[in-house]
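Shown next, in structure tokens, is the structure this report addresses.
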Amino acid sequence: MRVQFVPEKIQLSLQKPENRILVQNSESCVVIRAARDNFSEREMAWFIRYLAAEGFISDEFEDFQTFDWTGTSITWVVDRSWMRREITRLQRLDRFLIQLFVSASVLWLALMAFAFLHFAR
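My numbering runs 1439 ahead of the 1-based position in the sequence shown.
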């Protein structure tokens, strides 16, 4: 039996279809949280095979073909609540960078004014 390491949590950003995905692995199940409901059943099955092939989830899902989710240990949830924390964190980061840029600009202007006034005498 092969021992496989899979990450406990991974975030993915997809372009086609545009979506944000959070994959959570536990010993008993895999929970896939999508920010948007824009995957068909066929695309979901393909994406699960892709996750298994890349090592994000267990290798046992590499041959995942079924559209009946009842017997599997995979749960697909459309949920945006996990993104709220990330959005507030990005807003704080934006605010910090704007304050940093304004402070650096004010400091630069003050130093330039001091240099020109000091050498003008």
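All residues carry an ideal CB built from backbone N, CA and C; glycine is no exception.
Here L1546 is exposed: its Cβ has fewer than 16 other Cβ atoms, across all protein chains shown, within 10 Å. S1512 places its beta carbon 8 Å or farther from that of S1479.
Using a 10 angstroms sphere on the CB of L1532, the tally of other CB atoms stays under 16, which defines it as exposed.
Taking the Cα positions, A1492 is about 31 Å away from L1529. With contacts defined as CB atoms closer than 8 Å, G1494 and V1445 qualify as a contacting pair.
When DSSP states are grouped into helix, strand and coil, Q1530 belongs to the helix group. Comparing alpha carbon positions, the residue from A1549, F1555 and I1449 closest to I1496 is I1449.
Bounds of the alpha helix (DSSP H) holding R1488 are E1480 to E1493.
Of the residues assessed, V1469 falls on the buried side of the cut-off, its CB having 16 or more other CB atoms within 10 angstroms.
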